[in-house]
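*Asks:*
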Amino acid sequence: MNALRRFEEFLQEGVVKRRRPDISRAADLAQEAHRRRHFLQEISIKLGISDHNANYFVENAYDTIMELTRAKMFADGFKAAGLNAHEAEVSYLRKLAFHESDVKFANELRYFRNGVVYYGKSLDAEYAKKIMEFLGRIYPILEKLVRDDIANVDYSR
12 MNALRRFEEF
22 LQEGVVKRRR
32 PDISRAADLA
42 QEAHRRRHFL
52 QEISIKLGIS
62 DHNANYFVEN
72 AYDTIMELTR
82 AKMFADGFKA
92 AGLNAHEAEV
102 SYLRKLAFHE
112 SDVKFANELR
122 YFRNGVVYYG
132 KSLDAEYAKK
142 IMEFLGRIYP
152 ILEKLVRDDI
162 ANVDYSR
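If you read the sequence shown in this note's numbering, its first letter stands for residue 12, the second for the next number, and so on.
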């Protein structure tokens with residue numbers, strides 16, 4: 012896995028484009044992230060995390076983090092698309108002042124999630140639990156950043 016590039020590089024390459032802030036789309040993504048996280052919490056309590064379901068927890072935790080990251084990007088007037096879009100979105104966490112260790116961990120998560128989705132890799136329960144702990148820590152921070160931009164969102168829907 013290569014070192015994560017700076018967000019500005021993705022802007023220069025056209026992977027990320029500046030656009031008008033889209034608060035409505037940001038709100039929709041934030042709401043979906045909220046529902047997905049709630050689902051993960053319920054499943055974790057009811058079924059627990061095992062080697063048999065670890066991949067699902069990792070994929071959904073990653074998707075939750077990326078939905079909130081995309082929501083913040085849309086609220087800030089950015090959109091990533093095409094090759095390296097996910098890497099650009101992870102790189103955006105630096106712009107949000109996340110600690111470099113969290114950005115690196117999110118990039119590792121991106122890498123392993125790609126292995127699951129595109130190469131059929133299997134991850135174990137121990138790694139999935141580590142990811143769920145990371146989600147539990149990073150989610151409230153990301154959610155607050157997004158919520159500050161989309162103050163009128165009703166998360167109860």
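C-beta atoms are modelled at their ideal positions from N, C-alpha and C, and glycine is treated no differently.
#1: Are the beta-carbon atoms belonging to L156 and K83 less than 8 Å from one another?
#2: Going by C-alpha to C-alpha distance, which of M77, F21, K106 sits closest to R47?
#3: From what residue to what residue does the beta strand (DSSP E) around K28 run?
#4: Along the chain, which unbroken stretches of the alpha helix (DSSP H) at least 4 residues long are found entirely within the segment 56-127?
#5: How long is the line joining the alpha carbons of A96 and A37, rounded to whole angstroms?
#6: Just verifying my parser: in three-state terms, what is the DSSP assignment at L134?
#7: Out of E53, D74, V27, K57, which has the shortest C-alpha to C-alpha gap to A41?
#8: Would you mind working out which of H63, A44, G59, D62 sits nearest N71, comparing C-alpha positions?
#9: Are three or more beta carbon pairs between the segment 107-125 and the segment 27-37 nearer than 8 Å?
#10: Could you pull the start and end residues of the alpha helix (DSSP H) that L22 belongs to?
#11: Less than 8 Å between the beta carbons of A136 and S61, yes or no?
#12: Just verifying my parser: in three-state terms, what is the DSSP assignment at D33?
#13: Pick helix, strand or coil for A38, following the three-state DSSP scheme.
#14: Let me confirm a value: R168 is counted as buried when at least 16 other C-beta atoms fall within 10 Å, else exposed. Which label applies?
#15: Which residues in the same chain as V180 place their Cβ atom closer than 8 Å to its Cβ, once the five residues preceding and following it in sequence are excluded?
*Replies:* Let me spell this out:
#1: yes
#2: M77
#3: 27-29
#4: Every alpha helix (DSSP H) of 4 residues or more that sits fully in the segment 56-127 is shown, in chain order, as 65-87, 96-106.
#5: 17 Å
#6: coil
#7: D74
#8: A44
#9: no
#10: 18-24
#11: yes
#12: coil
#13: Helix.
#14: At R168 the pLDDT is 49, less than 50, meaning the model places this residue with poor confidence; the figure from the coordinates comes in the next sentence. Exposed is the call here.
#15: The structure shown does not extend to residue 180, since the chain is modelled only from 12 through 168, so no value can be given for it.
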